[in-house]
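Contents: one structure, followed by commentary.
There are 2 protein chains.
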Amino acid sequence: MNSKHLSKGARQLSPVRKGKIRLYTNRFCPYCQRVVLILDAKNIPYEIVNINLLNKPDWMYDKSPMGKIPAIEMDNGEVLYESLIIADYLDEKYPQRQLHPKDPLQKAKDQLLLRQFTKVINALLKSIHVGRVDNDEAEVITEGLTTFENELANRSGPFFAGQKPGMLDYMIWPWCERSDVLKMFGRAYILKKDKYKKLMDWRKIMMEDETVKKSCCDVNTHIKYLQSHRAGLPDYDLLCFK
Amino acid sequence: MNSKHLSKGARQLSPVRKGKIRLYTNRFCPYCQRVVLILDAKNIPYEIVNINLLNKPDWMYDKSPMGKIPAIEMDNGEVLYESLIIADYLDEKYPQRQLHPKDPLQKAKDQLLLRQFTKVINALLKSIHVGRVDNDEAEVITEGLTTFENELANRSGPFFAGQKPGMLDYMIWPWCERSDVLKMFGRAYILKKDKYKKLMDWRKIMMEDETVKKSCCDVNTHIKYLQSHRAGLPDYDLLCFK
Chain A
1 MNSKHLSKGA
11 RQLSPVRKGK
21 IRLYTNRFCP
31 YCQRVVLILD
41 AKNIPYEIVN
51 INLLNKPDWM
61 YDKSPMGKIP
71 AIEMDNGEVL
81 YESLIIADYL
91 DEKYPQRQLH
101 PKDPLQKAKD
111 QLLLRQFTKV
121 INALLKSIHV
131 GRVDNDEAEV
141 ITEGLTTFEN
151 ELANRSGPFF
161 AGQKPGMLDY
171 MIWPWCERSD
181 VLKMFGRAYI
191 LKKDKYKKLM
201 DWRKIMMEDE
211 TVKKSCCDVN
221 THIKYLQSHR
231 AGLPDYDLLC
241 FK
Chain B
1 MNSKHLSKGA
11 RQLSPVRKGK
21 IRLYTNRFCP
31 YCQRVVLILD
41 AKNIPYEIVN
51 INLLNKPDWM
61 YDKSPMGKIP
71 AIEMDNGEVL
81 YESLIIADYL
91 DEKYPQRQLH
101 PKDPLQKAKD
111 QLLLRQFTKV
121 INALLKSIHV
131 GRVDNDEAEV
141 ITEGLTTFEN
151 ELANRSGPFF
161 AGQKPGMLDY
171 MIWPWCERSD
181 VLKMFGRAYI
191 LKKDKYKKLM
201 DWRKIMMEDE
211 TVKKSCCDVN
221 THIKYLQSHR
231 AGLPDYDLLC
241 FK
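Just so you know, the protein sequences line up as chains A and B, in that order. Under full-length UniProt numbering, the first residue of the first sequence carries the number 1, and numbering increases by one thereafter. Under full-length UniProt numbering, the first residue of the second sequence carries the number 1, and numbering increases by one thereafter.
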């Protein structure tokens, strides 16, 4: 998981071993973490190839359009990319511990929530990019979090999926893990924890989930990475054994 | 299908009848047509409520966020929106004539193609909005169509899904039905039919599909509607019996 990120000039990799999945990923990419969570939750055998996003190996461009990650490569050479499409594929292909709700209506409603969460992500990305949270973005974030807070209040819990985390829990997790980085922007941006009590409880028990633990990073590491990223020199290898 | 489009002030509708689905739609909305195609292909009993997009009935805002259409309402009052989420839901809930590929890998690959097609749609929308096809948009459209042309060449055909249209065929159809409206912008914008021979053959047999026939419109009607739309007074009721 914390292996060195490969760059342009890295030598060709050997074919994927029989029965394994190879994940092209990046230690600090939240979209990539989605796929890691699904692979871990379903206990699918996989190997990790970490990619330097600023200077990708040439062969990455043969795997996916513009060398996009996350991408998974199967032992027959087939490749898929786009985190949500990979997640759906893995959940269908590997029936152990089904993560999508079994009921089609509940599954569709969770998909709608995920669409709304995508808007929250985009507002967060924009805020991190400009270094402050503007009103429009604040509104999208507040509205999104309120929807999720109410949703948790209306479900039997403690997870969105019930007694164990499911697809929706894992698909939103990477950004929730990072939510405290907002304090980089000053005290005003720390989430009002009493306003999102249910979400805060959810976040706490997510942290204790065996699957989440495997890829989870503490907030200081996230902030350290983000600062290097904002300085134009992302330190992808922050967690490497040196 | 061609009933009058309801506007602000329209009276409340009665509850959805047992065993039926109510579709809130608009005769000229391609996203809505996606849902019509799935309902028709799977022979699901439904009723149509046409909505005036410029002046929606008040109760539409109680059904979906911002009164978004397409939306479907079930006989228990549950509502779903977003064309692709509705399509997935209907395909899972009603197992007759499964439209998604049975193989999870093929399904995932079709999803990737659909994402690329969304970029083509957005380029088309931008072009129609500004009244010309700029270079960036032309590139996205050409690249997208070439991908789909090659894809058809590599599949056993004649449809993307094989001997009968499947999910991918129907999800891209509404825009392909309208492709000839580009001639509004002059001869230069007519698609180079010899460059997309497979797609043109596909378009021709799609036109003969019983499901497509039910909601299909001729190009002149589409142009007439689009002209009214561009003039700021969309004539949604163009096909109404008056």
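By construction, the Cβ of each residue, glycine as well, lies at the ideal position given by its N, Cα and C atoms.
Spatial neighbours of residue 153 (chain A) within its chain, please: CB distance less than 7 Å, with the 5 preceding and 5 following residues excluded, ordered by chain position.
-> Mapped onto the first sequence, residue 153 (chain A) falls at position 153. Closer than 7 Å at the Cβ level, and outside the excluded window around residue 153 (chain A), lie 198.
For residue 94 (chain B), which of helix, strand or coil comes out of DSSP?
-> As a first step, residue 94 (chain B) must be located in the second sequence, where it is residue number 94. Three-state DSSP puts residue 94 (chain B) in coil, outside helix and strand.
Select from the UniProt domain "GST C-terminal" (103-238) of chain A all residues with a C-beta closer than 8 Å to any C-beta belonging to chain B, and list them in chain order.
-> 104, 105, 107, 108, 109, 111, 112, 115
In the DSSP assignment, find the beta strand (DSSP E) that holds residue 22 (chain A) and state where it starts and stops.
-> Translated into positions along the first sequence, residue 22 (chain A) becomes position 22. First-last of the beta strand (DSSP E) with residue 22 (chain A): 21-25.
7 Å Cβ cutoff, residue 46 (chain B) in contact with chain A | By one-based count along the second sequence, residue 46 (chain B) stands at place 46. Answer no: the Cβ-Cβ gap between residue 46 (chain B) and chain A never drops below 7 Å.
Taking 7 Å as the CB-CB cut-off, is residue 94 (chain B) touching chain A?
-> Position 94 of the second sequence, counted from the start, is the residue given in the question as residue 94 (chain B). Judged by the 7 Å Cβ criterion, residue 94 (chain B) is not in contact with chain A.
Whose C-alpha, out of B:1, B:46, B:9, is nearest the C-alpha of residue 28 (chain B)?
-> Taking the first residue of the second sequence as position 1, residue 28 (chain B) is located at position 28. Comparing Cα positions, the closest option is B:1.
Would you check if there are 3 or more beta carbon pairs closer than 8 Å linking the segment 51-65 of chain A to the segment 7-14 of chain B?
-> no
Tell me, to the nearest whole angstrom, how far the beta carbon of residue 115 (chain B) is from that of residue 185 (chain B); I am working on the premise that it is less than 8 Å.
-> Looking up residue 115 (chain B) in the second sequence gives position 115. Looking up residue 185 (chain B) in the second sequence gives position 185. Wrong, their Cβ atoms sit about 26 Å apart, outside the cutoff.
Under 8 Å from the C-beta of residue 31 (chain A): neighbouring residues of chain B | Taking the first residue of the first sequence as 1, we reach residue 31 (chain A) at position 31. Per Cβ cutoff of 8 Å: no residues; residue 31 (chain A) is ~14 Å from chain B at best.
Candidates A:123, A:145, A:81: which alpha carbon is nearest residue 136 (chain A)'s?
-> What you label residue 136 (chain A) is simply residue 136 of the first sequence in a count that begins at 1. Here the closest residue by C-alpha is A:123.
Smallest Cα separation from residue 149 (chain A): which of A:106, A:201, A:163?
-> Within the first sequence, numbered from 1, the residue matching residue 149 (chain A) stands at position 149. Among A:106, A:201, A:163, the Cα nearest to that of residue 149 (chain A) belongs to A:201.
For the segment 11-21 of chain B and the segment 207-226 of chain A, state whether three or more C-beta atom pairs, one from each stretch, are separated by less than 8 Å.
-> no
With 16 other Cβ atoms within 10 Å as the buried cut-off, status of residue 100 (chain A) | Walking along the first sequence from the start, residue 100 (chain A) turns up at place 100. Flag for residue 100 (chain A) reads buried.
Three-state class that DSSP yields for residue 79 (chain B) in the structure shown = Translated into the one-based positions of the second sequence, residue 79 (chain B) becomes position 79. In this structure, residue 79 (chain B) counts as strand in the three-state DSSP scheme.
By how many angstroms is the C-alpha of residue 228 (chain A) removed from the C-alpha of residue 55 (chain A)?
-> The residue you call residue 55 (chain A) lines up with position 55 of the first sequence. The residue you call residue 228 (chain A) lines up with position 228 of the first sequence. Between residue 55 (chain A) and residue 228 (chain A), the C-alpha separation is close to 16 Å.
Distance, residue 240 (chain B) Cα to residue 224 (chain B) Cα | Taking the first residue of the second sequence as position 1, residue 224 (chain B) is located at position 224. Taking the first residue of the second sequence as position 1, residue 240 (chain B) is located at position 240. Rounded to the nearest angstrom, the two C-alpha atoms are 14 Å apart.
Since residue 85 (chain A) meets chain B, which of its residues come closer than 8 Å, beta carbon to beta carbon?
-> Locating residue 85 (chain A) in the first sequence gives position 85, where the first residue counts as 1. What residue 85 (chain A) touches in chain B: 108, 111, 112, 115.
Close Cβ partners of residue 147 (chain B) (< 8 Å) along its chain, the five nearest in sequence each way excluded | The residue given as residue 147 (chain B) occupies position 147 in the second sequence. Cβ neighbours of residue 147 (chain B) beyond the five flanking positions: 113, 116.
Residue 161 (chain A) and residue 85 (chain B): beta carbons closer than 7 Å?
-> Within the first sequence, the letter at position 161 stands for residue 161 (chain A). Within the second sequence, the letter at position 85 stands for residue 85 (chain B). Against a cut-off of 7 Å, the Cβ pair of residue 85 (chain B) and residue 161 (chain A) comes out as no contact.
Return the chain-ordered list of same chain residues with a C-beta closer than 7 Å to the C-beta of residue 173 (chain B), the five sequence neighbours on each side being excluded.
-> Looking up residue 173 (chain B) in the second sequence gives position 173. Excluding positions up to five away in sequence, the list reads 37, 206, 212.
Who are residue 49 (chain B)'s beta bridge partners in DSSP?
-> Counted from its first residue, the second sequence places residue 49 (chain B) at position 49. Answer by DSSP bridge pairing, in chain order: B:24.
C-alpha gap between residue 65 (chain A) and residue 76 (chain B), whole angstroms = Here residue 65 (chain A) is taken as the residue at index 65 of the first sequence, counted from 1. Here residue 76 (chain B) is taken as the residue at index 76 of the second sequence, counted from 1. So the two alpha carbons sit approximately 44 Å from each other.
Exposed unless 16 or more other CB atoms sit within 10 angstroms - verdict on residue 130 (chain B) | As a first step, residue 130 (chain B) must be located in the second sequence, where it is residue number 130. That one is exposed.
Using the C-alpha atoms, what's the distance from residue 221 (chain A) back to residue 234 (chain A)?
-> Reading the first sequence from its first residue, position 234 is the one you call residue 234 (chain A). Reading the first sequence from its first residue, position 221 is the one you call residue 221 (chain A). Their Cα atoms are separated by approximately 12 Å.
Report the three-state DSSP secondary structure of residue 72 (chain B) (helix, strand or coil).
-> For the purposes of this step, residue 72 (chain B) is identified with residue 72 of the second sequence, where counting begins at 1. Strand.
First and last residue of the uninterrupted alpha helix (DSSP H) at residue 30 (chain A) = Residue mapping note: residue 30 (chain A) aligns to position 30 of the first sequence, counting from 1. That run of the alpha helix (DSSP H) goes 30-41.
Determine the chain B residues that contact residue 78 (chain A) at a beta-carbon separation under 9 Å, and present them in chain order.
-> Along the first sequence, read from residue 1 onward, the residue named residue 78 (chain A) stands at position 78. The contacting residues are 105, 109.
For residue 159 (chain B), name the three-state secondary structure that DSSP assigns.
-> Position 159 of the second sequence, counting from 1, holds the residue named residue 159 (chain B). DSSP places residue 159 (chain B) in strand when its eight states are reduced to three.
Helix or strand or just coil, what does DSSP make of residue 6 (chain B)?
-> Along the second sequence, one-based indexing puts residue 6 (chain B) at 6. If DSSP states are grouped into helix, strand and coil, residue 6 (chain B) belongs with the strands.
For residue 170 (chain B), the first and last residue of its enclosing alpha helix (DSSP H) = As a first step, residue 170 (chain B) must be located in the second sequence, where it is residue number 170. Looking at the DSSP string, the run of the alpha helix (DSSP H) that includes residue 170 (chain B) is 167-177.
Between the C-alpha atoms of residue 92 (chain B) and residue 78 (chain A), what's the straight-line distance to the nearest angstrom?
-> To locate residue 92 (chain B), count along the second sequence from 1; it is residue 92. To locate residue 78 (chain A), count along the first sequence from 1; it is residue 78. In a straight line, the C-alpha of residue 92 (chain B) is about 26 Å away from that of residue 78 (chain A).
DSSP-derived helix/strand/coil call for residue 208 (chain B) = Position 208 of the second sequence holds residue 208 (chain B). Looking at residue 208 (chain B) - three-state DSSP - the assignment turns out to be coil, as it is neither helix nor strand.
If we cut at 7 Å on Cβ distances, does residue 24 (chain B) have a partner in chain A?
-> For the purposes of this step, residue 24 (chain B) is identified with residue 24 of the second sequence, where counting begins at 1. Not an interface residue.
Assigned exposure category for residue 87 (chain A) - 16 Cβ within 10 Å defines buried | Reading the first sequence from its first residue, position 87 is the one you call residue 87 (chain A). So residue 87 (chain A) counts as buried.
Classify residue 65 (chain A) as helix, strand or coil using the three-state DSSP reduction.
-> Within the first sequence, numbered from 1, the residue matching residue 65 (chain A) stands at position 65. If DSSP states are grouped into helix, strand and coil, residue 65 (chain A) belongs with the helices.
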